[in-house]
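As structure tokens, this is what we get:
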């Protein structure tokens, strides 16, 4: 086990049977203190000794340890402590050789969990995926056929595939794609890799064009590429291709009509095509032409009216195969929305979250979103941007992985299993509004009025916590620290909050 890693126990369940009501009440009042001050420190000292027996850079993970203990003398906590240690020792010795896993295996487990759930396992830390930026570690992962096969199998899950695209950058996706293709015996490897390499180059051509519609275009390009690889129904692939081409047509300004006609002709030739790679090659050509047109123009020209856009859509979308996707594609001047998938139901579960201290800011959030033009009535108009903004408020960081933003997603009413884009750039105006809000918080908190923004972030906003969704109302639990005595002077209530865009009151136990 790495020296920097802590010994982690996820949950402790303690069930006591006694015939004496006196003993029962005594145990009820004292067992909590016993566990925190005696049993757990005692076990930690043993774990420090035991880890020396493990191979270098390995960890021991045990799903569950169940102990059935009997005391000779009632309420003898010293005996109970020894019995707990003996029981744990026996379990660890038995499982030392079968449950030890390497650092690489742990990272593989974290990656799979993240792409499936949007969070990391309970035993992971806040820097769970930093290893994925390590070139040596990435090479090792991509050489693991077991991991690549599991990722390839999981691509058939819509949410998994969507999160993979939205959370990894193009270089990471390209390396993964090459590994996927390397395991497929029924494809032309050179054609596929060359095609995707061209697409990646086109997408990255001009970073200044990385607005919301290009994020949608990027997502659809990778969706088509991965979908063709795992042989998703070609009707769906063609539908997504139509959407990409429509996005291109609707953002190319005065030449839209001529370009729309040429796109219609190009796509018509593909309707009966059986060659998935041809879809990608034509798409690459259209993307390339689009980039050139966008470069030549100083800004993206919006369509003059909704009526004209609908008329143009009718001219382009003649195939019955794409009617369903066409009707579900909606876009405004500010943001594009992908075709709606099946609703994601929020699971009743508990989550260990970072930045739980953001709940302190609840009286200021509505005005912040109004100032940032992110609120439409009582609904958040652009939830992804709002979530990234809240993360910036807490950490002063941008473009972080989704697992670091679970609480931010919750506050912005984004289903916790729904993937979000990582490549969201916040404008300087949004950052300015965020800092002004933090200054307002300090100004109205007498004991903190002379504190810096970083102190507020480090000591209060970046606090880990537990988000409980198994009760009638959501509940946020934050462990109390010494500096939290200042919360008693906070001029607003943090015990409960009602955000306009959330249906239920959120309770806080701090």
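In this note's numbering, the protein residues as written are 1 to 510.
Note that beta-carbon positions come from the ideal geometry of N, C-alpha and C, so glycine has one too.
Asked                                                                                                                                  : Found
8 Å contact criterion, which residue 157 and residue 401 should meet: CB distance rounded                                              : The Cβ separation is near 19 Å, so there is no contact.
C-alpha gap between residue 325 and residue 218, whole angstroms                                                                       : Note on residue 325: pLDDT 44, under 50, position unreliable in the model; no value is reported.
Opening and closing residue of the beta strand (DSSP E) in which residue 508 lies                                                      : 506 to 509
Beta-carbon proximity of residue 159 to residue 112, cut-off 9 Å                                                                       : no
Backbone secondary structure at residue 401 - three-state DSSP                                                                         : coil
Length of the line joining the Cα atoms of residue 45 and residue 87                                                                   : 15 Å
Distance between residue 22 and residue 459 (C-alpha atoms, nearest Å)                                                                 : 42 Å
Start and end residues, beta strand (DSSP E) containing residue 566                                                                    : Not covered by the structure: residue 566. The range shown for the chain is 1 to 510.
Rounded C-alpha distance that separates residue 415 from residue 350                                                                   : 14 Å
Per-residue DSSP class, three states only, for residue 101                                                                             : strand
Euclidean distance between Cα positions of residue 66 and residue 427                                                                  : 52 Å
Residue 69 beta carbon less than 9 Å from that of residue 528                                                                          : The structure shown has nothing for residue 528, since the chain only spans 1 to 510.
Residue 37 in three-state terms, based on DSSP                                                                                         : helix
For residue 84 and residue 9, the rounded distance between their alpha carbons                                                         : 14 Å
Beta-carbon gap between residue 355 and residue 386 smaller than 9 Å                                                                   : no
CA nearest to the CA of residue 419, picked from 77, 161, 26, 52                                                                       : 161
Secondary structure of residue 82, DSSP reduced to three states                                                                        : helix
Coil, strand or helix - residue 11 by DSSP                                                                                             : coil
Euclidean distance between Cα positions of residue 438 and residue 485                                                                 : 20 Å
Distance, residue 464 Cα to residue 471 Cα                                                                                             : 20 Å
Proximity to residue 430 [Cα-Cα], best of 382, 406, 446                                                                                : 382
Contacts around residue 421, its chain only, beta-carbon distance under 7 Å, and the 5 residues preceding and following it disregarded : 166, 215, 384
Residues that residue 227 bridges to, as DSSP identifies them                                                                          : Looking at the DSSP assignment, residue 227 forms no beta bridge with any residue, so it has no partner.
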